Amino acid sequence: MDALSHVLSLLDVESALPSRFEVGGPWALRFPGGYRHAKFGVVLGGSCWISPLDAEPALLRQGDCWMVTGGRPYVMSSDLETRAVDAVPVFMAAESIERVRYGDAAVDTVLFGGALTFDESSARLLLEILPALLHVPAASDQADVLHMALRMLAQETAAPALGSGFMTQRVIHMVFVQALRIYASTTAADGRPAGGWLSALLDPQIGGALRLIHEEAARKWTVDELAASVGMSRSSFAEKFKTVVGSPPLDYLMRWRMHAAGRELRETDRTVHAIAGRWGYGSESAFSNAFKRVMGSTPRDYRSRRPPQPAEPYATASPYHS
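Note that UniProt numbering has the sequence shown beginning at 1, numbered continuously upward.
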């Protein structure tokens, strides 16, 4: 398994339902920040502007794809002059979240998209490294896979069949992975760092060390061993790892172990003691202390708590709401 697949396999993800948004005339909707979503979509017809906070507005034309991440507020609008109104009441008032109509004029813009909601630890791991806005023009070769996936989503939404719910979730995951690939490839082509561990995965030396950590996380790695495995001196490796990844190698190793252990706590009936031993800890108390530092709760509390539920019924149903 490649390093990105290792990371994605540990994310606690809840797919949202896809939604079709139809609008006409001058309009502008403001979406508040603080969400733990990656929201994405495609312009099926017409055009509109998307304006994330702290990022340049982008004009989205027919066939363009986009993704907004990191919980940043943003505005979607027909132009840059119309005064924005709160988007939440618009979606709360809709008869069906799967198809939302807004504005009194004839429909001239149609958007279709979906969203991925992450738990808090996964959101910190993933969304903060991504740009406020990822814009993929329709003419780009990289948009082909996104277009195919979003067409599949549109078909499943318009005419649900056996297994549609399962199909929808898997396709949304595919869209997200493709967006990560596009971001990584475009930043590499431009000579810009992608940020966080995504940059690290693209680096031959640090990416190699991450693959070893992911594949043998229970091993009692030392910085010397990791450095030697990628042909670097200890000091050069430690400095480069911290610069690219954002934390020292052994700190990253501990965080990775705890995320992997968290997956076991959620998905298996193994005892905390057994899980501690599987991830290289000689005592349950040492494991519990490390787990709480990284994940914010004890292993038993983490296992027993229910997944966070949205405060409102619309909270994970559309790529456009907050």
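Even glycine gets a Cβ: it sits at the ideal position worked out from N, Cα and C. Just so you know, these numbers come straight off a predicted model, no measurement behind them.
Through-space distance from P160 to D64, alpha-carbon basis: Taking the straight line joining both Cα atoms gives about 25 angstroms.
Cβ pair L29, P57 closer than 8 angstroms: No, the Cβ-Cβ distance between L29 and P57 is not below 8 angstroms.
For G296 and R303, the rounded distance between their alpha carbons: 12 angstroms
Are the region 98-109 and the region 19-29 touching, with three or more C-beta to C-beta distances below 8 angstroms? Touching, yes.
Go through its chain and collect everything with a Cβ distance to R278's Cβ below 7 angstroms, but skip five positions before and after it. So the qualifying residues of the chain are A218.
Neighbourhood of V272 by C-beta distance below 6 angstroms, restricted to the same chain and skipping five residues each side: E284 and P299
Does M258 pass the burial test, meaning 16 or more other C-beta atoms within 10 Å, or should it be called exposed? buried
To the nearest angstrom, report how far apart S47 and R266 are at their CA atoms. 43 angstroms
Compare the C-beta of S297 against all C-beta atoms of chain D and say whether one is closer than 8 angstroms. Checking the listed chains, one finds no chain D in this structure; it contains a single protein chain.
Start-end ranges of the alpha helix (DSSP H) lying completely within the UniProt domain "HTH araC/xylS-type" (207-305), minimum 4 residues: 223-229, 234-245, 249-267, 272-278, 284-295 and 299-304
Between which residues of its own chain and V110 is the CB-CB distance below 6 angstroms, once the five residues before and five after are set aside? E22, L44 and G45
Between L8 and the rest of its own chain, which residues show a CB-CB distance below 6 angstroms, the 5 nearest in sequence each way excluded? none
If I'm right that L116 touches A38 with Cβ under 8 angstroms, what's the distance once you round it to whole angstroms? 5 angstroms
Boundaries (first-last residue) of the alpha helix (DSSP H) holding E156: A143 to A158
Looking at the strands, I want to know which residues DSSP matches up with E22. R101 and V110
Taking C-alpha atoms, which residue in G114, I97, D86 and P89 lies nearest to F40? G114
Which of helix, strand or coil does DSSP assign to A184? helix
What does the Cβ neighbour count give for P89, buried or exposed, with the cut at 16 atoms within 10 Å? exposed
Could you check how far apart the C-beta atoms of S19 and E98 are, in whole angstroms? I think they sit under 8 angstroms. The Cβ separation is near 6 angstroms, so the contact holds.
If you drop the 5 nearest sequence neighbours on each side, which residues of the same chain put their C-beta closer than 7 angstroms to that of G262? M295 and Y302
Round the Cβ separation of V175 and L146 to the nearest angstrom and send it over; I've been treating them as touching at under 8 angstroms. V175 to L146, Cβ: 6 angstroms. Contact.
Collapsed DSSP secondary structure at S5 in the structure displayed: helix
Residue of I182, V100, T157 and E215 minimising C-alpha distance to D2: E215
Express the C-alpha separation of F91 and A149 in angstroms, rounding to a whole number. So the alpha carbons of these two residues sit roughly 24 angstroms apart.
Output the boundary residues of the alpha helix (DSSP H) element that contains P89. V88 to M92
Go through its chain and collect everything with a Cβ distance to S233's Cβ below 7 angstroms, but skip five positions before and after it. A227
Cβ-Cβ separation, S229 to A209 (assumed contact under 8 angstroms), whole Å: 7 angstroms
Helix, strand or coil at P52 [DSSP, three-state]: strand
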